[in-house]
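Novice: Count along the sequence shown from 1, then add 12; that gives the number in the numbering used here.
Just so it is clear, CB atoms sit at the ideal spot from N, CA and C, and this is done for glycine as well.
This structure is a prediction, so every number in the text was calculated from the model and none was measured.
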Amino acid sequence: MASRILLIKKHIWRILTPSPFIFWAYALPFTYWTYLILTTSPVIVFDSIGYLALGRSLSQTSGWLAYFQTGPSREMLYPLTISLSLCLEQRLHISYSYIIKILSFMSLTMTMGFIHLLLKKMNARPIIQALAILCAGFSPIMINYSLCLYSENACWPWLMAAVYGGSAYIDSFQITRQRNLQPAVFLGIALLGFTLVKGVGEAIFPLFLSSLIWIAWQHSASHFIPFLKKSKTTILIAILIFFIPITFIKILNYKYNGQFTYTNRGNLSLYGQIISRSRIPINKDNILSHFLTVPVSYERCINFFPSDTCEQWSMAHSDATFLNRYNSLIAQGVPADQSNKIIRDEMLSAIVQSPLAQIIYWAQETMKMFFWETTQGPFVAYPPWLEKLFNQGWLIMIMSWGVGITCCGAFIIAFRHTQEKIILVTVILTSLLMALFGFVHILHRYTIIIAPLMILLIFASLEKCLPRHKPASDPSAINKKD
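1. Look at the alpha carbon of Pro-395 and the alpha carbon of Leu-401, and state the distance between them as a whole number of angstroms.
2. Would you give the residue range spanned by the alpha helix (DSSP H) that Met-118 belongs to?
3. So, using beta-carbon positions, are Gly-345 and Phe-383 closer together than 8 Å?
4. Starting from the Cα of Pro-367, find the closest Cα among Ile-182, Ile-467, Lys-132, Arg-289 and give me that residue.
5. What I want to know is whether the C-beta of Gly-270 ends up closer than 7 Å to one or more non-hydrogen atoms of the ligand ADP.
6. For Ile-112 versus Ser-97, is the C-beta distance shorter than 8 Å?
7. Could you give the uninterrupted runs of the alpha helix (DSSP H) lying entirely in the segment 280-319, keeping only those of 4 residues or more?
8. Establish whether the CB of Ser-473 and some CB of chain C are separated by less than 8 Å.
9. Kindly indicate the opening and closing residues of the alpha helix (DSSP H) around Thr-273.
10. Rounded to whole angstroms, what's the CA-CA distance from Ser-60 to Thr-459? Just pull it up for me.
11. Give me the residue from Trp-397, Phe-449, Pro-318, Arg-356 with the minimum Cα distance to Ala-375.
12. Do Pro-41 and Phe-150 have their CB atoms nearer than 8 Å?
13. Measuring CA to CA, which of Ala-180, Ala-369, Arg-86, Gly-211 is closest to Leu-199?
14. Could you give the first and the last residue of the continuous alpha helix (DSSP H) run that contains Glu-475?
15. Can you check whether the CB of Ser-281 is closer than 8 Å to the CB of Ser-330?
16. With contact counted as at least three CB pairs below 8 Å, one residue from each stretch, are the segment 251-258 and the segment 194-211 in contact?
17. Roughly how many angstroms separate the alpha carbons of Gly-62 and Pro-91, rounded to a whole number?
18. Suppose the cutoff is 6 Å on Cβ atoms and the five residues either side in sequence are ignored; what does the same chain contact list for Asn-298 look like?
19. Taking all protein chains shown into account, decide if Leu-300 is buried (16 or more other Cβ within 10 angstroms of its Cβ) or exposed.
20. Compare the Cα-Cα distances from Glu-101 to each of His-128, Ser-74, Gly-83, Arg-68 and report the closest residue.
21. Using 8 Å as the threshold, is the C-beta distance between Thr-430 and Leu-469 below it?
22. Using three-state DSSP, classify Val-437 as helix, strand or coil.
23. Scan the segment 393-442 and note each continuous alpha helix (DSSP H) run of 4 residues or more that stays entirely inside, going in chain order.
24. State the CB to CB distance for the pair Ile-251 and Ile-363, rounded to an integer number of angstroms; the pair is presumed to be in contact (CB under 8 Å).
25. State buried or exposed for Gln-350, treating a residue as buried only when at least 16 other CB atoms are found within 10 Å of its CB.
26. Quick test of your reading: Ser-393 and Val-55, contact by CB under 8 Å. State the CB separation rounded to the nearest angstrom.
27. Within this structure, are the beta carbons of Gly-211 and Tyr-274 separated by less than 8 Å?
28. Tell me which residues share the same chain as Phe-126 and place their Cβ nearer than 7 Å to its Cβ, disregarding the 5 neighbours each side in the sequence.
29. Let me confirm a value: Trp-45 is counted as buried when at least 16 other C-beta atoms fall within 10 Å, else exposed. Which label applies?
30. Opposite Pro-138 in the DSSP bridges: which residues?
31. Nearest-angstrom Cα distance between Ser-309 and Leu-478?
32. Buried or exposed: which applies to Arg-356, given that a residue is buried once 16 or more other Cβ atoms fall within 10 Å of its Cβ?
33. Here's the rule: buried if 16 or more other CB atoms are within 10 angstroms of the residue's CB, otherwise exposed. What is Glu-475?
34. Excluding the 5 residues flanking Met-134 on each side, which residues of the same chain have their C-beta closer than 8 Å to its C-beta?
35. Ignoring anything shorter than 4 residues or poking outside the segment 168-223, list the alpha helix (DSSP H) runs there in chain order.
36. When DSSP labels each residue in this structure, what does Ile-490 get in the three-state scheme?
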């Protein structure tokens, strides 16, 4: 009996620690995180005030009714996590900030686990897997957003699950009907979870699913219509799992606040940017000043151009453009649903009238997404020695430009290895996120959404670029041939 228990323990240990590299890749970040949980505190400003207030509201008896009556509000999953932390605070008599930090680091651990799993499926070397895990576990900006009250951390595991589910979903079209429901269910849940954290998932889902179906068809030997008929169950399951809950939320919004929408926060940034870009002439100064805001910074722009030229690329300018128009519609007594329709029509008109400006400024804005890493993490109070280290100019430069240029290179290299389904799915999902965020004013907190996807691409590309040692020829086989 004792020998059997010992054997089981050995098997469990081998599963958990397939190599010393992997063990220390998880152990070292966990040690660092423990120190940070005990020595840091979130700074409650800007959007985190709203998240905390919404979390408190949801923890009350009539919280969900108020959520819909005052909406369309923020996506519900992250405020629900804060609400859980507040409830546990009352039961465990531990500050909610410690609980939310622990839950956030659990989210980061799951993200690292998916990166590890995906690289392992690609047969990457253990050292490559370990380096990728360490990169995610010690990333200053990923850790920063695990310590503050912002929702970006909560979307990472869902995105990585979507990559895993997406690659399995493509393969499921080639196997029996009984098995291909599992990847469809997994993919639908992964993208639904992401959308419950970030509303952009509502636009991502149909584009991403269509891409996966197209790729699966390309790998099949049948015509498109017969392929769709054969695969209708697989396709329908993913669609229903995603759209039934989202539509239910829209119905509740329509019932309680008169707007059939998931969230109206996207209109603010989208309208502000599209209308602003349509009003900015295409000339050398405007193109160069916008380029100097890549990565997300206005310091270089102000050093070379007048402040009003740089100001047109700021969030304040974008928000003011939307709010001025929205407030004028309210002053005219236009109902909320009709206001949203007018705003959408004006956005479409602006795109049609200035397509070249929209494309140029969209492409420049999209470039910011590569520069997600930085040591200048906001909204967290660090110990003095870490604060001093993170504000070193040379470290900021290495992290921002070094990682940004590396991401650009990895993204280009990845396009050469899209025969690997995991790389192909990651490239598609990353491209869709970059393209959709490029339509709005990109804040640094938006860029870090793709951080784990970029880490996966960097180390997957590195694995593909490094030569593998071929096994030595068998001398006996050569002798037989002779």
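Specialist: To lay it out plainly:
1. As a first step, residue 395 is located in the sequence shown; it is residue number 383 there, counting from the start. As a first step, residue 401 is located in the sequence shown; it is residue number 389 there, counting from the start. Their backbone Cα atoms lie some 10 Å apart in a straight line.
2. Walking along the sequence shown from the start, residue 118 turns up at place 106. Met-118 -> alpha helix (DSSP H) spans 108-133.
3. The sequence position of residue 345 within the sequence shown is 333, counting from 1. The sequence position of residue 383 within the sequence shown is 371, counting from 1. No. Outside cutoff.
4. Along the sequence shown, one-based indexing puts residue 367 at 355. Cα-wise, what sits closest to Pro-367 is Arg-289.
5. Ligands in the displayed structure: none, and consequently the ligand ADP is not present.
6. Here residue 112 refers to the residue found at position 100 of the sequence shown. Here residue 97 refers to the residue found at position 85 of the sequence shown. For Ile-112 and Ser-97, yes; Cβs fall inside 8 Å.
7. 296-303, 311-316
8. Here there is only one protein chain, and chain C is not present.
9. In the sequence shown, residue 273 corresponds to position 261, counting from 1. First-last for Thr-273: undefined, no H or E at that position.
10. On the sequence shown, position 48 is the one that residue 60 refers to. On the sequence shown, position 447 is the one that residue 459 refers to. Rounded to whole angstroms, Ser-60 to Thr-459 spans 18 Å at the Cα level.
11. Here residue 375 refers to the residue found at position 363 of the sequence shown. Among Trp-397, Phe-449, Pro-318, Arg-356, the Cα nearest to that of Ala-375 is on Phe-449.
12. What you label residue 41 is simply residue 29 of the sequence shown in a count that begins at 1. What you label residue 150 is simply residue 138 of the sequence shown in a count that begins at 1. Yes. Within cutoff.
13. The count along the sequence shown starts at 1 and reaches residue 199 at position 187. Among Ala-180, Ala-369, Arg-86, Gly-211, the Cα nearest to that of Leu-199 belongs to Ala-180.
14. Working through the sequence shown from its first residue, we reach residue 475 at position 463. First-last of the alpha helix (DSSP H) with Glu-475: 463-477.
15. Indexing the sequence shown from 1 puts residue 330 at position 318. Indexing the sequence shown from 1 puts residue 281 at position 269. Their beta carbons are under 8 Å apart, which means Ser-330 touches Ser-281 by this criterion.
16. yes
17. By one-based count along the sequence shown, residue 62 stands at place 50. By one-based count along the sequence shown, residue 91 stands at place 79. Straight-line Cα distance between these residues: approximately 9 Å.
18. Along the sequence shown, one-based indexing puts residue 298 at 286. These residues qualify, in order along the chain: Ile-292.
19. On the sequence shown, residue 300 is found 288 positions in, with the first residue counted as 1. With fewer than 16 other Cβ atoms within 10 Å, it is exposed.
20. In the sequence shown, residue 101 corresponds to position 89, counting from 1. Comparing Cα-Cα distances from Glu-101 to each of His-128, Ser-74, Gly-83, Arg-68, the minimum goes to Arg-68.
21. Position 418 of the sequence shown, counted from the start, is the residue given in the question as residue 430. Position 457 of the sequence shown, counted from the start, is the residue given in the question as residue 469. Result no, Cβ atoms of Thr-430 and Leu-469 do not sit closer than 8 Å.
22. Along the sequence shown, one-based indexing puts residue 437 at 425. Looking at Val-437 - three-state DSSP - the assignment turns out to be helix.
23. 396-402, 405-409, 415-426
24. Here residue 251 refers to the residue found at position 239 when the sequence shown is read from its first residue. Here residue 363 refers to the residue found at position 351 when the sequence shown is read from its first residue. In fact, because the Cβ distance is near 28 Å, the residues do not count as touching under 8 Å.
25. Residue 350 sits at position 338 when you count from the first residue of the sequence shown. Exposed, because fewer than 16 other Cβ atoms sit within 10 Å of the Cβ of Gln-350.
26. For this step, residue 393 is matched to residue 381 along the sequence shown. For this step, residue 55 is matched to residue 43 along the sequence shown. Note that residue 393 corresponds to Ala in the displayed sequence, not to Ser. Indeed, because the Cβ distance is near 6 Å, the residues count as touching under 8 Å.
27. For the purposes of this step, residue 211 is taken as residue 199 along the sequence shown, with counting starting at 1. For the purposes of this step, residue 274 is taken as residue 262 along the sequence shown, with counting starting at 1. Yes, these two residues count as a Cβ contact at 8 Å.
28. In the sequence shown, residue 126 corresponds to position 114, counting from 1. Closer than 7 Å at the Cβ level, and outside the excluded window around Phe-126, lie Pro-169, Met-172, Ala-173, Tyr-176.
29. Start at 1 with the first residue of the sequence shown, and residue 45 comes out as number 33. Result: buried.
30. Taking the sequence shown and counting its residues from 1, one reaches residue 138 at position 126. Pro-138 is not bridged to any residue.
31. As a working mapping, residue 309 is identified with position 297 in the sequence shown. As a working mapping, residue 478 is identified with position 466 in the sequence shown. Roughly 35 Å separates the two Cα atoms.
32. The residue you call residue 356 lines up with position 344 of the sequence shown. It counts as exposed.
33. Counting from one through the sequence shown, the residue named residue 475 turns up at place 463. Flag for Glu-475 reads buried.
34. Here residue 134 corresponds to residue number 122 of the sequence shown, with the count starting at 1. Excluding residues within five positions, the ones whose Cβ falls inside 8 Å are Glu-432, Ile-434, Ile-435, Ala-472, Glu-475.
35. 193-207
36. Numbered from 1 along the sequence shown, position 478 holds the residue referred to as residue 490. Any answer about Ile-490 is weak, because its pLDDT of 42 lies below 50 and its placement is not dependable; what the coordinates show is given next. In the structure shown, Ile-490 sits in a helix (DSSP, three-state: H, G or I).
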